[in-house]
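Novice: In the numbering used here, the protein residues as written are 32 to 73.
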């Protein structure tokens, strides 16, 4: 069988919004997993 983990990643943010993303990750009970997107970082 397969296990879908798609529902565990509940939030995503760009790397330049990290301060807001961390605040959300630690204060929003609906945030199970925050992903920071570093693909466009220089």
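Using N, Cα and C, we set each Cβ at its ideal position, and we do this for glycine too.
1) Within 10 Å of its beta-carbon, does residue 52 have 16 or more other beta-carbons around it, so buried, or fewer, so exposed?
2) Just to confirm before moving on: does the CB-CB distance between residue 63 and residue 44 stay below 7 Å?
3) Quick check on DSSP: helix, strand or coil for residue 39?
4) Quick check on the DSSP output: the beta strand (DSSP E) that includes residue 68 runs from which residue to which?
5) Could you pull the start and end residues of the alpha helix (DSSP H) that residue 78 belongs to?
Specialist: According to the structure data:
1) The residue in question, residue 52, is buried, as its Cβ has 16 or more Cβ neighbours within 10 Å.
2) Against a cut-off of 7 Å, the Cβ pair of residue 44 and residue 63 comes out as no contact.
3) Residue 39 sits in a helix when the DSSP states are folded into three classes.
4) Element bounds for residue 68: 65-68.
5) For residue 78 there is no data in the structure shown, the boundaries of the chain being 32 and 73.
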